[in-house]
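Everything on this sheet refers to the single structure shown next.
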Amino acid sequence: LRFFDSEYFDIGTETAGTRGLFATGAPSSEHAVGVLSLDLGGDISGLWDTDRVAAAQRAFRRMVGYLTHAWLASGGATFLPTFHPPSLTCADVNDPLRQFNPNDPNLRFNLLVELYENMAVVAELLYGYVYFGTVADVIEAQARYLDGV
Numbered sequence: 037l038r039f040f041d042s043e044y045f046d047i048g049t050e051t052a053g054t055r056g057l058f059a060t061g062a063p064s065s066e067h068a069v070g071v072l073s074l075d076l077g078g079d080i081s082g083l084w085d086t087d088r089v090a091a092a093q094r095a096f097r098r099m100v101g102y103l104t105h106a107w108l109a110s111g112g113a114t115f116l117p118t119f120h121p122p123s124l125t126c127a128d129v130n131d132p133l134r135q136f137n138p139n140d141p142n143l144r145f146n147l148l149v150e151l152y153e154n155m156a157v158v159a160e161l162l163y164g165y166v167y168f169g170t171v172a173d174v175i176e177a178q179a180r181y182l183d184g185v
């Protein structure tokens with residue numbers, strides 16, 4: 037996921053595709069919780085070994101919330117969202133559209149599917165207040181941005 041003039045986040049690229057959502061004892065640069073600084077006061081890492089389901093749910097909600105915030109912020113500034121080919125690092129190759137399930141021992145899920153579903157809910161909630169452009173609007177805005185307008 038890339039936003040012009042901002043940091044990029046790709047759970048497969050940024051984490052070198054090694055750890056996914058969280059990994060106990062791994063460097064913070066190797067999992068989403070660390071990359072996005074989601075472990076507030078150790079409330080994910082401290083809980084992971086004793087209540088992994090609750091910790092995974094907390095980490096997942098924060099990650100999707102953070103990325104949804106980044107998506108909404110892109111609409112209120114000069115940032116234009118584009119998407120790299122999706123990384124399937126966290127997805128199950130046998131079920132690439134699998135949804136997040138904190139009881140899954142391998143925590144396999146497709147981040148882009150989860151993010152798009154969250155965005156759809158937000159777009160539906162805000163539909164009467166905010167205009168969500170079409171693909172043609174995005175292409176036109178991107179052309180204006182690249183032309184320096």
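So for the sequence shown, my numbering puts the first residue at 37; every next one is plus one. The beta carbon of each residue, even a glycine, is placed where N, CA and C say it ideally should be. The structure presented is a predicted model; accordingly, all values stated were derived computationally and were not measured.
Asked                                                                                                                                                                    : Found
Should the segment 58-78 be regarded as contacting the segment 90-102, the criterion being three or more beta carbon pairs within less than 8 Å?                         : yes
Is the beta carbon of F58 closer than 9 Å to that of L161?                                                                                                               : no
Quick check on R127: buried or exposed, where buried means 16 or more other Cβ atoms within 10 Å of its Cβ?                                                              : The amino acid occupying residue 127 in the given sequence is Ala; Arg does not appear at that position. Flag for A127 reads buried.
Looking only at C-alpha atoms, which of E150, P141 and D173 sits nearest to L133?                                                                                        : E150
Please give me, in chain order, every unbroken run of the beta strand (DSSP E) with length at least 3 that falls completely inside the segment 73-99.                    : none
Along the chain, which unbroken stretches of the alpha helix (DSSP H) at least 4 residues long are found entirely within the segment 128-163?                            : 147-162
Cα-Cα, which of G82, L103, R88 and A91 is closest to V71?                                                                                                                : L103
My output table needs one value for G184: the three-state DSSP class, helix, strand or coil.                                                                             : coil
Excluding the 5 residues preceding and the 5 following A159 in the sequence, name in chain order all residues of the same chain whose CB lies nearer than 7 Å to its CB. : F168
Which stretch, first to last residue, makes up the alpha helix (DSSP H) that contains V71?                                                                               : A68 to V71
Nearest by alpha-carbon distance to D85: which of M155, R180, Y165 and P141 is it?                                                                                       : P141
Whose CA, out of A62, F145 and N130, lies closest to the CA of A99?                                                                                                      : The residue you asked about is not Ala; residue 99 is Met in the sequence shown. Of the candidates A62, F145 and N130, the one whose C-alpha sits nearest the C-alpha of M99 is F145.
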